[in-house]
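With the first letter of the sequence shown counted as 1, position 6 gets the number 6 in this note's numbering; the numbers rise by one all the way through.
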Amino acid sequence: MIHADTEFVGRRCRLLKPVRDQQGRTRFEEHPRIVREVNNLGRLMYLVEFEDRVTTFLFPNEIAIE
Numbered sequence: 001m002i003h004a005d006t007e008f009v010g011r012r013c014r015l016l017k018p019v020r021d022q023q024g025r026t027r028f029e030e031h032p033r034i035v036r037e038v039n040n041l042g043r044l045m046y047l048v049e050f051e052d053r054v055t056t057f058l059f060p061n062e063i064a065i066e
C-alpha cells in the first residue's frame, strides 16, 4: 500500500450509499471522519472512522467529502 495525498485527512464525509463496516454492520446515516487516503494498486481509497471508533475502507464513489 502506498499512501496518497493527505488533502482530505481529518475532514468529515457523508455516505452516498449503505456500506458495511469491518464488523459487518450496515452504515448509512453517519458522517465518518477521514483518517487516511490510500492508493492501493492504482485505486484510491479512504480509511474512515465512525463515531464509535470503528474504521473501514471506502472508495471515492461511496462518499461525499464535506
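Cβ atoms here follow ideal geometry from the backbone N, Cα and C, with glycine treated the same way.
Please list the terminal residues of the continuous beta strand (DSSP E) segment that includes residue i.
i, result
"Thr56", "Thr55 to Leu58"
"Glu37", "Arg33 to Asn40"
"Arg14", "Cys13 to Leu15"
Is residue i buried or exposed, if buried means 16 or more other CB atoms sit within 10 Å of its CB?
i, result
"Arg20", "exposed"
"Thr26", "exposed"
Assuming residue i contacts residue j under a Cβ cut-off of 8 Å, what Cβ separation, rounded to an integer in Å, is found between them?
i, j, result
"Arg11", "Glu66", "6 Å"
"Glu37", "Val54", "That belief does not hold up - the Cβ atoms of Glu37 and Val54 are roughly 19 Å apart, past 8 Å."
Beta-carbon within less than 6 Å of residue i's beta-carbon, same chain only, minus the 5 sequence neighbours each way: which residues are those?
i, result
"Phe28", "Leu15 and Pro18"
"Thr70", "The structure shown does not extend to residue 70, since the chain is modelled only from 1 through 66, so no value can be given for it."
Is residue i helix, strand or coil by DSSP?
i, result
"Glu51", "coil"
Below 7 Å CB to CB, which residues in the same chain sit around residue i once its five sequence neighbours on both sides are set aside?
i, result
"Met45", "Val38, Phe57, Leu58 and Phe59"
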